[in-house]
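Heads up, the thing below is written out as C-alpha cells.
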Amino acid sequence: MRKFLKTKALLLLLLVTTAVMMVVPSIAQILGTDKELPGWLTSTFDNRFKLGLDLQGGLHLEYSVAVDEALENKLDQIAAELEAGFKEKKSVLVDIERIGIDRLDIKFSDPSQVVTAEDDVMGVALTDMERVETQDEGAGIIHLKMSDARIGEHRSHAVAQALETVRRRIDAMGIAEPNIYPKNRQIVIELPGLSDTTTEIKAARHDVQEQLRPLLQQAGANQVIVADSDEDPGAFRITLTDQAARGFLGQVFAGKMIEQTVIDPRLGAGVELEILPDDPGRPAAPDSVEVKLSERSRDNILEGSSDFRRLLKVVERAAVLEMRMVDDELPFGPGQRNYFQALLEGGQVHAGMGISVNKMGNYGSPKGHNVENVWAFYAKDRKTLEDYFNQLPAEWRLPASHLVAYGPDAVVIRGEPTRVWRTFVVKARAEVTGESILAANVSPDPQTGLPGVDLKLDRLGADRFEQMSGDNIGRRMAIMLDDAVMSDPVFNDRIPGGNVRISVGETPGQSVRDTANDLVKVLKSGSLPARLVKEFEIRVGADLGKEAVESGFWAFVVGLGAVVAFMAIYYRLSGLIAVFALVLNVLLILAAMAFFQATLTLPGIAGIVLTLGMAVDANVIVYERIRELVREGYTARAAIEAGYDRAFTTILDSQLTTAIAGVVLWQYGSGPIRGFAITLLIGIATSIFTAVFCTRLFFDFQANRRGFDRVSI
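Listed below in C-alpha cells is the structure:
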C-alpha cells in the first residue's frame with residue numbers, strides 16, 4: 001500500500017512540475033519577460049495560451065458569405081465548359097442561359113442536334129445537375145437542374161473555401177496568431193494584438209510634432225517643448241519659452257487658419273490642427289497652448305494608413321478575376337446601332353446627368369476584325385453611371401447575353417489629368433476566370449517602368465485564353481478585377497502560353513507598388529467564391545484590455561480568497577487540502593490551455609472563477625458524506641473510503657450536466673462565449689481529477705499511518 005501511494009505521489013509531483021513549466025512561458029510572454037527564461041524551457045514548452053481581444057485589444061469581424069453568388073458563378077462555369085465542349089467535340093454551337101441559382105437551359109438552333117448531348121460533353125454538368133422536363137428536348141431545349149442536396153453542399157463548400165482564402169490572406173499580411181472560424185454561413189475573424197486606432201493616431205501625432213518643431217524654430221522660437229497628452233492620443237501641449245504661445249502660433253500660421261483650426265500643407269497632407277481653449281482648471285500659462293488633430297484629420301489618417309483599413313481591404317476584396325470579350329459591334333434598337341449611340345439618339349441622355357457621351361476611335365487588326373463606330377459614356381464617379389443604367393426602362397436595357405461594365409480611365413480636364421469612369425459593353429459570361437491562375441508576380445512595365453502584375457494561367461486557362469485570342473483577333477478583351485475593367489487590350493494575334501498582364505493604378509494612401517503587392521497577395525491566396533458582407537465589427541483598444549486584465553485578476557483573487565477562508569475555517573485541515581486542490585486545479589487549467597494553444601478571454605477568466613466554485617462543491621460533497629458516515633459510527637479509514645466511493649457518482653453527474661451546457665455554448669457561441677465555454681470544459685475535467693484523485697491521495701496518506709482514528713473534517 002505504501003509503495004502504491006508513493007508511486008501516485010511521484011506521478012502527481014511530476015504532473016505539477018510539468019504543468020508549472022508549461023504555464024511559465026505563457027505568463028512570461030504576457031508580462032514581456034519571456035526572453036529572461038532559459039532557452040531549454042522556452043524551446044521545450046513552446047505551446048502558449050494567448051490573451052483574447054478583450055484582454056490585449058484587437059479587432060473582431062464577422063462576415064456573411066453571399067453563397068448564392070457562389071452558386072451563380074458555379075453554373076456560369078459549367079455553362080462555359082458545356083459551350084466549349086459542344087463546339088470542340090461536336091462542332092455544334094449552343095446558347096446556354098442560367099435561370100436562378102439552380103437551372104441551366106441549353107438551346108440548340110436545330111432540334112435534331114439534341115442527340116449530340118452525350119456523356120463525353122455533358123459529363124461536366126451531370127456530376128452536379130440532372131436532366132429534367134425532357135419533353136422539351138424535342139423542341140431543341142435541354143433543361144438541367146441542380147438538386148437541393150447539391151446546392152447545400154456547394155453552399156457549405158463556398159463558406160469553407162472563403163474561410164481558407166481569408167486565412168491565407170491574413171497569413172500573407174503577417175498578422176500573428178489570428179483566430180478564424182466559421183459560424184453557420186458566417187466567418188468570424190479575431191485578431192488579438194493588432195495595432196488599434198490609438199496606435200495610428202499616436203504615430204500621426206509624432207509625425208506632426210516632427211514637422212511642427214522646425215517651423216516654430218525657424219519663425220524665432222528659441223526653445224520648443226512638446227508634451228504628449230495622456231487622455232487624448234491625438235493631443236499635445238506646446239510650450240515656447242519667453243513667448244506668448246497662442247499669439248505666436250497665430251503669426252506663424254497667418255492666412256492658414258480657419259477660426260482656431262490650422263490647415264497648412266507643411267504639417268503633412270490632410271493634417272489639420274485645432275488650437276484648444278485654455279483649461280480653466282489649470283493655472284494660466286501664456287507660454288503654453290494645447291493642440292490636437294482635428295476629427296477630419298484623424299479620419300484621413302485612419303483611412304489612408306491604418307493597419308485596420310489596409311487589412312480590411314485585403315480581406316474583403318473578392319479578387320474575382322474575369323476575362324470577357326468586349327462587344328462594341330453588338331447591334332441594338334431599330335437602327336441596329338452601337339448601344340451607347342442608340343441611347344443618345346433615343347433621348348435617354350440629358351444635360352445635368354453628369355454623363356459625357358464620347359465617340360471613340362476605331363480599332364482592329366489586319367489579320368482579323370476592324371471595329372468601327374465605337375461609343376462610350378464617361379462620368380466622374382462610377383455610381384453616376386450605375387444609377388443611370390439601373391433605372392433605364394426595360395426596352396432600353398441590354399439582352400441577358402451582355403452587360404455594361406465600368407472601368408477607371410484618365411482624361412485631361414483643363415490641363416489636369418483626372419480619374420474618371422467609362423463604360424464597356426461586354427459579354428455576360430467570362431471566358432477565363434481567376435481559378436486558372438497558377439502564379440502572380442509584381443514586375444515593372446518595360447515601357448512605362450510602373451509596377452504591374454504578371455499572371456501565369458494553368459493548362460485549361462491557357463487553352464481557353466489561346467482559343468479566345470485566336471477567335472477574336474482585332475477585338476478587345478476586358479480584364480476585369482472585382483467587377484471593374486482594369487485594362488482592355490486588343491488581340492493582334494493568337495496568344496499561347498497563358499501569360500497575362502494587369503496594369504494597376506494608385507490607391508489613396510498607397511503607392512502603385514503597394515497596390516500591386518496587395519493584389520498579388522489576394523490573387524495568390526485565391527479568389528473568394530462570393531462576396532463577403534460585413535455584419536459586425538468591433539475594435540478593442542489596448543488600454544481597455546489592460547483594464548479588463550486587472551479587473552479579471554482582482555475578481556479571481558477575491559473569489560479565491562473567499563473560498564480559501566471558508567474552507568479553512570469550516571473544514572479545518574481537510575479544507576486546506578481542498579485549497580491545495582483548488583490551486584492545482586487553476587494550474588492544470590492554464591497548462592491545458594497552453595497545450596491546446598487556447599485563447600484566454602475575460603469571460604474565460606469568469607469560467608475559471610466559476611470552476612473554483614464547482615471544484616469546491618465537489619469537495620463539499622465528499623466531506624459532507626465523510627462527516628455523515630463518521631456520525632453513523634464508521635471508522636475514519638472506512639468513512640474516507642466509502643465517502644469518496646459514494647460521492648463520485650453525484651460529482652460526475654453534476655459535472656456532466658454542466659459539461660453538456662458548455663459543449664452547446666462552444667458549438668453555437670462565438671467570441672467571448674466560446675472563450676467561456678472552453679475554460680469551463682477544461683475546468684470540469686480538472687475539477688473531477690483534483691477533487692477525486694488529488695485530495696484522496698492526501699487522505700490515503702493519513703489513513704495509512706498507524707494509530708489513525710480521527711479525521712480533521
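Quick note: the sequence shown uses full-length UniProt numbering, first residue 1, plus one each step.
Every residue, glycine too, gets a C-beta built ideally from N, C-alpha and C.
If you follow the beta strand (DSSP E) that residue i is in, where does it begin and where does it stop?
i, result
"N179", "179–183"
"S64", "58–65"
"K456", "451–457"
"residue 732", "This structure leaves residue 732 out entirely; the chain is present only between 1 and 713."
"T261", "261–263"
"P444", "437–444"
"E290", "288–293"
Go to residue i, then tell me how far its alpha helix (DSSP H) extends in each direction, as first and last residue.
i, result
"R661", "Note on identity: in this sequence residue 661 is Ala, with Arg being the wrong assignment. Run containing A661: 636–668, per the alpha helix (DSSP H) assignment."
"Q186", "Not the alpha helix (DSSP H): Q186 falls in the beta strand (DSSP E), residues 186–192."
"A379", "Counting along the chain, A379 falls outside any alpha helix (DSSP H), though it belongs to the beta strand (DSSP E) covering 374–379."
"S43", "39–44"
"A254", "Here A254 belongs to no alpha helix (DSSP H), and DSSP marks it neither H nor E."
"E137", "Taken as a continuous stretch (DSSP letters only), E137 belongs to no alpha helix (DSSP H), as it is neither H nor E."
"residue 799", "Residue 799 is absent from the model: the chain starts at 1 and stops at 713."
Are the beta-carbon atoms belonging to residue i and residue j less than 9 angstroms from one another?
i, j, result
"F332", "L398", "yes"
"P182", "G58", "no"
"L629", "A618", "no"
"T611", "I684", "yes"
"I673", "L681", "no"
"F49", "A615", "no"
"G247", "R298", "no"
"L75", "I106", "no"
"M22", "L590", "yes"
"I473", "D488", "no"
"L144", "A125", "yes"
"K427", "D327", "yes"
"L104", "A79", "yes"
"H42", "D34", "The residue you asked about is not His; residue 42 is Thr in the sequence shown. Yes, the Cβ-Cβ distance between T42 and D34 is below 9 angstroms."
"R296", "H369", "no"
"V65", "L481", "no"
"R422", "A376", "yes"
"F285", "T239", "One point to set straight first is that residue 285 is Ala, not Phe, in the sequence displayed. Cβ atoms of A285 and T239: closer than 9 angstroms."
"S288", "E274", "no"
Nearest-angstrom Cα distance between residue i and residue j?
i, j, result
"A598", "D136", "58 angstroms"
"R419", "I479", "19 angstroms"
"S195", "I189", "Residue placement at S195 cannot be trusted, given a pLDDT of 49 that sits under 50; the coordinates are not used to answer."
"K256", "D264", "6 angstroms"
"A462", "V432", "9 angstroms"
"residue 753", "I180", "This structure leaves residue 753 out entirely; the chain is present only between 1 and 713."
"P508", "P214", "Because the pLDDT at P508 is just 45, under 50, the model does not fix this residue reliably, and the value given afterwards should be weighed accordingly. Each residue's Cα considered, the two are about 28 angstroms apart."
"residue 717", "L216", "In the structure as shown, the chain starts at 1 and stops at 713, and residue 717 therefore has no counterpart that could be examined."
"L93", "S109", "8 angstroms"
"S306", "T18", "Summary for S306: the model assigns pLDDT 49, below 50, so the residue's position carries little reliability; its value from the coordinates is reported in the next sentence. Distance between the alpha carbons of S306 and T18 is about 42 angstroms."
"R2", "L11", "Bear in mind that a pLDDT of 46 at R2, under 50, signals an unreliable position, so the number given afterwards is only what the model happens to contain. Going by the C-alpha atoms only, they are around 14 angstroms apart."
"V442", "M486", "16 angstroms"
"V16", "L588", "8 angstroms"
"S156", "L312", "23 angstroms"
"G613", "K534", "39 angstroms"
"E272", "Y363", "49 angstroms"
"D700", "G633", "19 angstroms"
"K6", "A592", "25 angstroms"
"A636", "R710", "6 angstroms"
"D483", "P408", "11 angstroms"
"F676", "I608", "8 angstroms"
"A530", "I101", "13 angstroms"
"A28", "L53", "19 angstroms"
Less than 8 angstroms separating the Cβ of residue i from some heavy atom of the ligand HEM?
i, result
"M480", "In terms of ligand content, the structure shown is empty, and the ligand HEM therefore cannot be addressed."
Does the segment 263–279 come within contact of the segment 112–130, defined as at least 3 CB pairs closer than 8 angstroms?
no
Between the segment 450–458 and the segment 433–440, are three or more C-beta pairs nearer than 8 angstroms?
Three or more Cβ pairs closer than 8 angstroms define a contact, and the segment 450–458 meets that threshold against the segment 433–440.
So does the segment 67–84 actually touch the segment 683–694, counting three or more Cβ pairs closer than 8 angstroms?
no
Counting pairs of beta carbons, one from the segment 76–88 and one from the segment 550–562, are three or more of them closer than 8 angstroms?
no
Residue ranges of each alpha helix (DSSP H) run of no fewer than 4 residues wholly in the segment 360–420, ordered along the chain?
Taking only runs of at least 4 residues, the alpha helix (DSSP H) segments lying wholly in the segment 360–420 are 382–390.
At least 3 beta-carbon pairs within less than 8 angstroms: the segment 322–337 vs the segment 439–453
Contact between the segment 322–337 and the segment 439–453 is absent: fewer than three C-beta pairs spanning the two stretches fall below 8 angstroms.
Contact the segment 381–391 vs the segment 345–362: 3+ CB pairs below 8 angstroms
yes
Taking the runs of the beta strand (DSSP E) that are 3 residues or longer, which of them lie wholly in the segment 213–242?
224–228, 235–240
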